[in-house]
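Down below is the structure, laid out as structure tokens.
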Amino acid sequence: MQASMKDVFYHPLPTRALSALFLCLSVALTACNDKYPKANMPDTPLEQPLEIIIEPKKVAMTKTWAAGIKDDGTLWTWGSGAGKIRSTTTGNHVDPTPMPVEGINDAVAISGGISHMLLLRKDGTVWAWGFNYDGVVDPKAGTDIPVGELRKVEGLEDIVDVSAGSHNSFFINKNGEVYAIGSNKQGSMNGINEPLTAPIKLANLKDIVAIYNEGGIVLALDNKGEVYTTGSSVGSLGREVIRSTNEEIHYYPAEKVTLPRKAVDIAVTGIGCMALLDNGEVWVWGNSSLAGLGLPKGQAPDLPIKHPYLNRIVNIGDRSAVDVDGNLYIWGEIGYGSYNAPSTTIYRTPIKIAENMNNPALLVNGNDASGVLTKDGELYAWGWFSGMIGTGESRQGQASRDDVLTVQKSLFTTH
Numbered sequence: 005m006q007a008s009m010k011d012v013f014y015h016p017l018p019t020r021a022l023s024a025l026f027l028c029l030s031v032a033l034t035a036c037n038d039k040y041p042k043a044n045m046p047d048t049p050l051e052q053p054l055e056i057i058i059e060p061k062k063v064a065m066t067k068t069w070a071a072g073i074k075d076d077g078t079l080w081t082w083g084s085g086a087g088k089i090r091s092t093t094t095g096n097h098v099d100p101t102p103m104p105v106e107g108i109n110d111a112v113a114i115s116g117g118i119s120h121m122l123l124l125r126k127d128g129t130v131w132a133w134g135f136n137y138d139g140v141v142d143p144k145a146g147t148d149i150p151v152g153e154l155r156k157v158e159g160l161e162d163i164v165d166v167s168a169g170s171h172n173s174f175f176i177n178k179n180g181e182v183y184a185i186g187s188n189k190q191g192s193m194n195g196i197n198e199p200l201t202a203p204i205k206l207a208n209l210k211d212i213v214a215i216y217n218e219g220g221i222v223l224a225l226d227n228k229g230e231v232y233t234t235g236s237s238v239g240s241l242g243r244e245v246i247r248s249t250n251e252e253i254h255y256y257p258a259e260k261v262t263l264p265r266k267a268v269d270i271a272v273t274g275i276g277c278m279a280l281l282d283n284g285e286v287w288v289w290g291n292s293s294l295a296g297l298g299l300p301k302g303q304a305p306d307l308p309i310k311h312p313y314l315n316r317i318v319n320i321g322d323r324s325a326v327d328v329d330g331n332l333y334i335w336g337e338i339g340y341g342s343y344n345a346p347s348t349t350i351y352r353t354p355i356k357i358a359e360n361m362n363n364p365a366l367l368v369n370g371n372d373a374s375g376v377l378t379k380d381g382e383l384y385a386w387g388w389f390s391g392m393i394g395t396g397e398s399r400q401g402q403a404s405r406d407d408v409l410t411v412q413k414s415l416f417t418t419h
């Protein structure tokens with residue numbers, strides 16, 4: 005039964021993670037005459053300093069399904085498998101049409117990992133569902149058990165934001181404290197090499213407004229614009245540390261990362277880190293495998309460096325950025341072709357793929373689809389698995405690179 009349930013949650017898809025990928029929209033955006041030109045921005049600061057970006061996450065994606073929250077608090081899902089937590093309109097496991105989940109009208113924010121989602125409700129409680137790898141949904145349940153319904157995460161109260169990582173789930177309460185469940189391999193969350201059976205408070209973090217996690221690194225932003233890192237990935241901490249010689253414990257408590265100015269937003273790309281400063285500069289550090297940081301081949305700085313190609317930026321995401329003029333840039337690996345014979349292209353440095361993308365509120369990156377939610381509540385999405393785009397249609401068979409990069413307007417809006 006367990007194996008068949010896993011198949012229901014996760015139909016076969018390529019394992020390569022897709023970057024946030026953009027193409028010029030034919031209607032809402034001005035078409036680019038030159039496809040995918042390399043980033044070429046003036047190295048000048050913004051005239052008006054940016055403020056810390058705190059937007060409720062209204063759209064999320066996993067490897068196989070997507071979800072969105074409307075202004076009335078209802079939860080809508082689309083894509084593949086039991087992660088949609090509702091009956092389908094197609095009679096099979098793929099349903100590319102956004103539809104509401106019955107009984108949910110108090111949703112506030114949502115976040116997706118590779119195979120699970122977290123839902124924040126108005127009363128400050130958190131509910132989770134999906135595959136329970138390392139206890140990311142329910143730390144007291146089996147780690148290879150799919151959870152096909154909303155399950156309350158016990159031991160939390162007054163939560164104001166959620167963040168689903170690859171092997172962890174994070175929760176920020178009203179006091180800016182951070183709690184976590186999920187993987188604690190080599191004591192990476194608290195320095196004790198024991199499984200987590202309940203949410204634990206992360207040490208040395210306070211007044212936190214945003215947090216992200218991937219591959220052994222936890223990246224946090226506080227309300228003053230200071231950036232902190234913790235976890236087990238030494239090369240992604242962004243600061244000088246004495247490397248642990250303990251083979252059983254790999255834990256580095258949270259400490260501040262030194263940056264030249266106030267940070268307003270952060271992002272994790274693989275096990276690399278990014279910070280957007282208030283003058284529009286982007287500073288990066290850590291591992292840049294598969295061009296996750298958008299740096300020239302071979303660059304993987306242990307300490308923060310100014311990104312050589314990203315300037316005058318107003319919004320960042322996982323392998324994506326938007327500048328002050330509404331230009332969108334992506335980098336990293338993309339997959340296309342057929343699932344049985346996949347192909348890939350790696351853009352090692354940022355390329356411009358759209359213009360006049362104004363008022364982006366959220367850059368969303370799933371593994372086989374990606375999207376951008378505007379402040380007007382419109383969702384535009386693209387990717388290899390078209391069932392997550394939410395147009396009501398799902399591509400079958402071969403997909404060219406341009407197919408994968410073609411942005412389509414989703415049927416889902418927040419209004």
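My numbering applies: residue 5 is where the sequence shown begins, and numbers increase by one. All residues carry an ideal CB built from backbone N, CA and C; glycine is no exception.
When DSSP labels each residue in this structure, what does residue i get in the three-state scheme?
i	result
Gln190	helix
Asp99	strand
Ala267	strand
Ser167	strand
Ser173	strand
Asp327	strand
Arg125	strand
Leu383	strand
Leu409	helix
Leu206	coil
Gly242	coil
Met65	strand
Gly83	strand
Lys88	helix
Leu54	coil
Met278	strand
Gly396	coil
Ala295	helix
Gly391	helix
Leu415	strand
Gly401	coil
Val213	strand
Ser374	strand
Tyr183	strand
Lys42	strand
Starting from the Cα of residue i, find the closest Cα among the options and give me that residue.
i	options	result
Leu263	Pro308, Gly274, Ile118	Pro308
Ser292	Leu281, Glu285, Asn227, Gly219	Gly219
Asn371	Ile56, His97, Thr101, Gly116	Gly116
Glu355	Leu377, Leu225, Thr78, Pro300	Checking the displayed sequence, the identity of residue 355 turns out to be Ile instead of Glu. Nearest of Leu377, Leu225, Thr78, Pro300 to Ile355, Cα basis: Pro300.
Leu200	Glu251, Tyr351, Val141, Leu223	Val141
Pro53	Ala70, Asp282, Lys126, Leu122	Asp282
Leu377	Glu55, Asp148, Lys61	Lys61
Ile118	Ser91, Val112, Ala64, Met103	Ala64
Leu294	Trp335, Asp269, Lys205	Trp335
Thr349	Arg405, Asp322, Arg155	Arg405
Val231	Lys210, Val238, Leu314, Ala70	Lys210
Ile114	Gly146, Gly139, Trp69, Asp148	Trp69
Tyr343	Gly387, Arg125, Ser414	Gly387
Quick check: the Cα distance between residue i and residue j, rounded to an integer number of angstroms?
i	j	result
Ile357	Leu383	17 Å
Lys144	Asn217	21 Å
Val245	Asp327	34 Å
Trp80	Ser248	45 Å
Ala258	Ala207	7 Å
Ser398	Val213	37 Å
Lys310	Val286	6 Å
Met278	Ser390	28 Å
Thr241	Gly128	For clarity, residue 241 is Leu in the given sequence; the question names Thr instead. Answer to the nearest angstrom: the Cα atoms are 30 Å apart.
Asp407	Val288	31 Å
Leu332	Thr410	14 Å
Lys189	Ala267	30 Å
Ala271	Ile320	7 Å
Glu153	Asn109	16 Å
Gln412	Asp306	38 Å
Glu59	Ile176	14 Å
Ser347	Ala373	16 Å
His254	Ile338	32 Å
Met392	Val98	9 Å
Glu158	Ala184	12 Å
Ala365	Gly401	33 Å
Glu55	Gly191	35 Å
Gly77	Gly229	30 Å
Thr48	Leu314	11 Å
Lys126	Val112	6 Å
When every heavy atom of the ligand HEM is checked, does at least one fall within less than 7 Å of the C-beta of residue i?
i	result
Gly146	You won't find the ligand HEM in this model; it holds no ligand whatsoever.
Exercise for review: Report yes or no: do three or more beta-carbon pairs, one from the segment 72-90 and one from the segment 124-143, lie closer than 8 Å?
Suggested key: yes
**Study point:** Meets three-Cβ-pair contact criterion under 8 Å: the segment 39-56 and the segment 360-370
**Key:** no
Exercise for review: Would you list, in sequence order, the uninterrupted alpha helix (DSSP H) runs of no fewer than 4 residues that lie entirely inside the segment 130-160?
Suggested key: Entirely contained in the segment 130-160, not one alpha helix (DSSP H) run reaches 4 residues.
Practice item. At 3 residues or longer, and completely inside the segment 300-358: list those beta strand (DSSP E) runs for me, N to C. Key: 317-321, 324-327, 332-341, 346-358
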